[in-house]
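Numbering (numbering that gives the first Met the number 0), first residue to last: 0 to 848.
Note that beta-carbon positions come from the ideal geometry of N, C-alpha and C, so glycine has one too.
Computed from a prediction, not measured in an experiment: that's the story for all the values here.
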Amino acid sequence: MDFLKSGIKTVLGASEPGQQPSPAETVEKLVDHAASATLLEDRRDACRALRALSRKYRVEVGAQGMPAMVQVLQNDRQDCEIISYVLETLCNIVATQEFDEEADNPMVSLNVGEQFTEMFLKNPENVTLIMGYLEEYDFRVRRAAIQLLTTLIQNKTRDLQEHILVSPMGVSKLMDLLSDSREVIRNDALLLLIQLTKGNSNIQKIVAFENAFDKIFDIIRDEGCSDGGIVVEDCLILLLNLLKNNSSNQQFFKEGSYIQRLAPMFDLSSTENDETGWAPQKMSNMHCMLQVVRSLVTPSNQQQVVSSCQYTMRKSGLLEALCRILMGGGVPADVLMETINTVAEVVRGNAENQEQLRKVMAPSTPPRPVIVVLLMTMINEKQLLALRCSVLYSFQCYLFRNSSGQQAVVQTLLPSSATDVSTLSTGQLLCTGLFSSDSLANWFSAVALMHTLVENTHQKQELLRVLLATPGGHKPITLLEQCTNLLQQESYKLQSKVGLLMLLSMWIAHCPSAVKTLLQTQGTMAYLTAQISGNEHDENEHLVQGLCAFLMGLCIQFNDNNLPSQKRDDICQLIIKRIGQEHFCNKLNEVSRHEAYSRACKQPQIRAKSAGELLLDYEYCKLFKGLEALVVKLVTGFDVNGIELTELTLSSEASALVAQYKGIIRGLDTQINSLQETVKKLEECDSEREEKLAEVQSLNRQLVDQNTLLKAQLAAAKKDDAESSPTLASSNEVHKTNESAPNEAHLYYAQNVCLQQEMEVLRQRLQEAVESAIISKENYQKLQKDQEDLLELLTDQENKIQRYTAQMRAAGLPVEDDENSEDDVDESQIKNNSTTPSHTDSPSHTQNI
0 MDFLKSGIKT
10 VLGASEPGQQ
20 PSPAETVEKL
30 VDHAASATLL
40 EDRRDACRAL
50 RALSRKYRVE
60 VGAQGMPAMV
70 QVLQNDRQDC
80 EIISYVLETL
90 CNIVATQEFD
100 EEADNPMVSL
110 NVGEQFTEMF
120 LKNPENVTLI
130 MGYLEEYDFR
140 VRRAAIQLLT
150 TLIQNKTRDL
160 QEHILVSPMG
170 VSKLMDLLSD
180 SREVIRNDAL
190 LLLIQLTKGN
200 SNIQKIVAFE
210 NAFDKIFDII
220 RDEGCSDGGI
230 VVEDCLILLL
240 NLLKNNSSNQ
250 QFFKEGSYIQ
260 RLAPMFDLSS
270 TENDETGWAP
280 QKMSNMHCML
290 QVVRSLVTPS
300 NQQQVVSSCQ
310 YTMRKSGLLE
320 ALCRILMGGG
330 VPADVLMETI
340 NTVAEVVRGN
350 AENQEQLRKV
360 MAPSTPPRPV
370 IVVLLMTMIN
380 EKQLLALRCS
390 VLYSFQCYLF
400 RNSSGQQAVV
410 QTLLPSSATD
420 VSTLSTGQLL
430 CTGLFSSDSL
440 ANWFSAVALM
450 HTLVENTHQK
460 QELLRVLLAT
470 PGGHKPITLL
480 EQCTNLLQQE
490 SYKLQSKVGL
500 LMLLSMWIAH
510 CPSAVKTLLQ
520 TQGTMAYLTA
530 QISGNEHDEN
540 EHLVQGLCAF
550 LMGLCIQFND
560 NNLPSQKRDD
570 ICQLIIKRIG
580 QEHFCNKLNE
590 VSRHEAYSRA
600 CKQPQIRAKS
610 AGELLLDYEY
620 CKLFKGLEAL
630 VVKLVTGFDV
640 NGIELTELTL
650 SSEASALVAQ
660 YKGIIRGLDT
670 QINSLQETVK
680 KLEECDSERE
690 EKLAEVQSLN
700 RQLVDQNTLL
710 KAQLAAAKKD
720 DAESSPTLAS
730 SNEVHKTNES
740 APNEAHLYYA
750 QNVCLQQEME
760 VLRQRLQEAV
770 ESAIISKENY
780 QKLQKDQEDL
790 LELLTDQENK
800 IQRYTAQMRA
810 AGLPVEDDEN
820 SEDDVDESQI
830 KNNSTTPSHT
840 DSPSHTQNI
C-alpha cells in the first residue's frame, strides 16, 4: 500500500499538509493525466495507478475513467505496457465477482460489472478495438484482451456475440489463438470460445468452418485424451457446444470423419489394469465424451443425421468400444449410467446396431446376453434409481422399431421357448419384476413389457397366449387375467397400478382380440366403473382414474361387438347411466393435466429425481394423445369442438352399415400392416441412398471450391493486365500523336469490346456450371467439360490479344497504351463497361457460412 501511495504521489504530486484527497478526487486527477499528459511516461504512470485503484474503487474508476481508457487504447497502441494496464483495468471494472478490497465499499452493487459492461458495449467500435489487440503478440496484452472479452460475454452474452459477428474477421482472430504456442493463451482462448458459442448457431457454424474440429482434436491428443487434465474437458465442452442442436455442424462432423477420430478415445485398456481406480478428472472427461456422442444421435436431431451417425459409429468401432465399457469392471456408477444412455441412443431405431447389442455377452459364468444382465439390474431394488432408469431407457431403445427384438422377448414367455434358457430369462425377469413386492420394479417391468407391444399388433395377440402357473396346481391363467387381478388388489400400490394400466392400454389398442379377452375377465368393467366414479382428492388418484377412463374408452373404440352385453353401445350406455358423460370426460382430462404427463411428453429418456416421479411413459403419452379425441367422440357423440357427430344408440340398419364398414376397416388394417413392412424396407433403402447422396454432395463441394479458385485466378490475371496499362493522360497523348492510324485504333477498340462481351458470356457460363454442380452429381462431367472449354477460350483470348498487340506495333502504336486508348475514344462507354472490383465477386466469409 505504501508503494501504491508513493506511486500516486509521483503522478499527482504531494498534497498539502492536513488535506487528504478523497478517492474520487484522486481518480479524477489520474484520469486527467491519462487523457491529457503530453509525455507517454506520465500517461503510463497514470494508467498503472488506475489499475491499482480499480479493484478497491471500481465504481469511481469505471464511472470517470472509461472514456479516457478507450482513448488510450486508440492512441497509444504502440506501447504494449500502457495497453496492458488499460486492459487489465477494464477487466477489473467489468468483473462479475466482488473483490476482497471492495468488501467495505457501500457503493458496489451485485451487478456493477454488468452495468459497466453495458456502458462499454454501447459503442460497438470498442469491441472491434479490443479484438484488434488479439493480434498483438505481447503476452500481457493478448491475455488481458482475451480475459476482457471473456468477462464481457459472461455479462452480456447476446450483445457481444452480435458485435463479434459484425467485427471484421472477428471469429477468425479468436480461432487463431488456439494455435498460440503459449498454453496459457490457448487455454484462455478455449474458455472464451466456450462462452462465445453458447446458444448461437451462426457463430457455431463459423467456428466449425474455421477448422475448429481439427484444432480441438489436436489439443485433446496432445493433452492425453481421456487421461488428460482440465484442458481436455474444456475442449470437449467446446465441441459439445458446436454440435448440440446444430444439424449443419453435426453433418459436417460426420462427413469430416471426426467420428472415426472420436472412437479411439474410448479405448480404456490402460484403465482396466489400473488398481487405483478412476481419477475425478478422467471421470469428467469421459462424461463429456459420452455427451458429445449423444449430441449426434439424440432422438431430437434430424432423423437423417441420426441414421448416418449411427451407421458410422458402428463401422468405426465406436459402438463396440462403448459396449466394452458397459461390460467392463471398475467403471464408476455415473460413467456407467451415461454409457448405458449413450449406447441406448446409438442403437435406437437402427436394426444393425440393435442386432450388434443383442449379441454382446457379459463376462459372467455362464455368459449371459447383455440385455439379460441389464434387466437383472433394472428389477433389483438395491440398485440406484438413476441406473435403473438408464437400463429401462436402453431396453426401450433396443425395442424401438425392432419387431424382431420385440418378438424375441415375447417368445421367451411362450411354452415353445422353454428349452432356450438364455432367451427365456428375458421374459422371466420381466414377469418376476411385474409380480414382485417392489412397486418400482412393478412399474419398470410393466413399462418394459409395454414396449414389446408398441406398433406391433401381432405380438399383442401372441402375448394373449402366455399362461402362468397358479399355486396348488390349479388351472393356469393368462398373463392379461393376472394383470387385471393385480390391478383390483387393494394392496397393490398406486405406482404399480399406473404401470399396469399403461400396459393394458397399449395391449388392447388396435387389437380387438385383446379387448375381448379383457372384457371377459371377471370384475374388470366393475372395477373400472368404480374407479372412474370415485371422487378422490389426491392428484395421483385423479391420474389413476383418468387412466381407467382411457382404458374403458379403448374398450369401446376397438370393440368388434362379438361379446353379448359387452358391445360398444352397451359400454357407452354404462358410462351414461353409471358414470355420466361429463364426469367421464373430466376424468379423462386429468391425464393430460397432470405434471407427469407434460414431463413424459418432452423426451423418450426417463428422468426422475425421486422414485415418486416415475408415473407416465413417453410412448404411452403418444398413444393417449392420438386416441383421446376419438374416445371423447365415442362417449359423448361430439367431437372436441362440440360438433355433434352421431347418436349413441343406433338403429338396426345403421348397425348393419357399421358392421359393413368394420369389415372394410379390418381389410384396410391388413393392408396397412403390409404397407408398414414395405415402408420399413424403403426406409432402409433410403438410408443407403442418403449416404450415397452425402458422398455426392462432398464431391460437389470440392468442385465448387475448384471453380472458386479458377475464378479468383481469372480475376487476378485481369487485374495484372489493368496494372500494366499506362495512365489516361499518356494514353491521350499517344492518341494525339498517332492520328495517322485511326482505322487501326478503331478496329482494335471494336475487337476489344467483343472480347469483353465474350468474357462476360464466359463468366455467366461459369456461374451456371457452378450452380448446376450443386444440384446433382450428373452435372459433374458437364461442368468439367465447361471448365476445359473455358480454359481453351481463355487461351484463345490470350492469343488474340497477342495478335492485336502485334498489329498495334505494326501500326506504330505503343503496346502499353492499349486500354487507355479506348478511354480517349469513348470515355463514357468505358465507364459503363467497367467491371466491378475483384473482391466483390466473392462473398464474404460470413456470407459463405
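How should residue i be labelled, buried or exposed, when 16 other C-beta atoms within 10 angstroms of its C-beta is the threshold for buried?
i, result
"Val372", "buried"
"Asn74", "exposed"
"Ala728", "Caution is warranted here: a pLDDT of 41 is assigned to Ala728, below 50, making its placement in the model unreliable, and no coordinate value can be reported."
"Arg42", "buried"
"Glu59", "buried"
"Ala628", "exposed"
"Asp187", "buried"
"His593", "buried"
"Cys684", "exposed"
"His536", "exposed"
"Ala809", "exposed"
"Val795", "The question names Val, but residue 795 in the sequence shown is Asp. It is exposed - the Cβ of Asp795 has fewer than 16 other Cβ atoms within 10 Å."
"Leu237", "buried"
"Arg567", "buried"
"Ile229", "exposed"
"Ile570", "buried"
"Gly404", "buried"
Can you tell me the Cα-Cα spacing of residue i and residue j, whole angstroms?
i, j, result
"Ala343", "Gln565", "42 Å"
"Gly131", "Val695", "40 Å"
"Pro854", "Gly545", "It is not possible to answer for residue 854, since the shown part of the chain is limited to 0 through 848."
"Gln302", "Ala278", "36 Å"
"His162", "Leu191", "15 Å"
"Ala94", "Gln63", "17 Å"
"Pro603", "Met377", "17 Å"
"Met336", "Ser435", "24 Å"
"Leu542", "Ser246", "38 Å"
"Leu55", "Cys46", "Here residue 55 is Lys; the residue named in the question, Leu, does not match the sequence. In a straight line, the C-alpha of Lys55 is about 15 Å away from that of Cys46."
"Ser673", "Asn484", "35 Å"
"Ala320", "Asp266", "6 Å"
"His126", "Asp44", "It is Val, not His, that sits at residue 126 in the sequence shown. Val126 and Asp44: Cα-Cα distance of roughly 25 Å."
"Arg387", "Gly348", "21 Å"
"Asp78", "Arg700", "45 Å"
"Phe115", "Met174", "27 Å"
"Thr88", "Leu49", "7 Å"
"Leu257", "Cys308", "In the sequence under discussion, the amino acid at residue 257 is Tyr, which differs from the Leu named in the question. Going from the Cα of Tyr257 to the Cα of Cys308 covers about 11 Å."
"Val497", "Thr411", "25 Å"
"Thr311", "Ser389", "24 Å"
"Thr523", "Leu239", "51 Å"
"Arg76", "Arg688", "57 Å"
"Arg863", "Leu792", "With the chain running from 0 to 848 in the structure shown, residue 863 is simply not present."
"Met501", "Phe216", "46 Å"
"Ile605", "Pro167", "45 Å"
"Glu40", "Glu135", "21 Å"
If I'm right that residue i touches residue j with Cβ under 8 Å, what's the distance once you round it to whole angstroms?
i, j, result
"Asn91", "Arg141", "Not quite, the Cβ-Cβ distance comes to about 18 Å (not below 8 Å), so this is no contact."
"Tyr397", "Asn340", "About 13 Å separates the two Cβ atoms, so there is no contact after all."
"Ser504", "Leu553", "6 Å"
"Leu466", "Thr477", "6 Å"
"Lys586", "Ile531", "5 Å"
"Leu527", "Leu550", "6 Å"
"Ile202", "Leu164", "7 Å"
"Arg313", "Glu351", "6 Å"
"Val409", "Gln458", "5 Å"
From the DSSP output, read off the bridge partner residues of residue i.
i, result
"Ala361", "Arg367"
"Ile476", "Leu467"
Heavy atom of the ligand FMN less than 7 Å from the Cβ of residue i, yes or no?
i, result
"Asp437", "Because no ligand of any kind appears in the structure shown, any question about the ligand FMN cannot be addressed here."
Those runs of the beta strand (DSSP E) which lie wholly inside the stretch 550–634 and span at least 3 residues: none
Taking only runs of the alpha helix (DSSP H) that begin and end inside the stretch 488–556, which ones reach a length of at least 4 residues, in chain order? The qualifying runs are 493–507, 511–519, 523–532 and 538–556.
Threshold first: 4 residues or longer. Then list the alpha helix (DSSP H) segments lying entirely within the stretch 419–455, N to C. The qualifying runs are 420–433 and 438–449.
Starting from the N-terminal side, write out each stretch of the alpha helix (DSSP H) that is 4 residues or longer and does not extend beyond the stretch 130–184. 138–154, 156–165 and 169–175
Mind pulling the alpha helix (DSSP H) runs of 4 or more residues that sit fully within the stretch 236–316? With a minimum length of 4 residues, the continuous alpha helix (DSSP H) runs that stay inside the stretch 236–316 are 246–254, 257–261, 268–271, 279–296 and 302–314.
Alpha helix (DSSP H) segments (min. 4 residues) lying fully within the stretch 19–87: 22–35, 39–52 and 57–74
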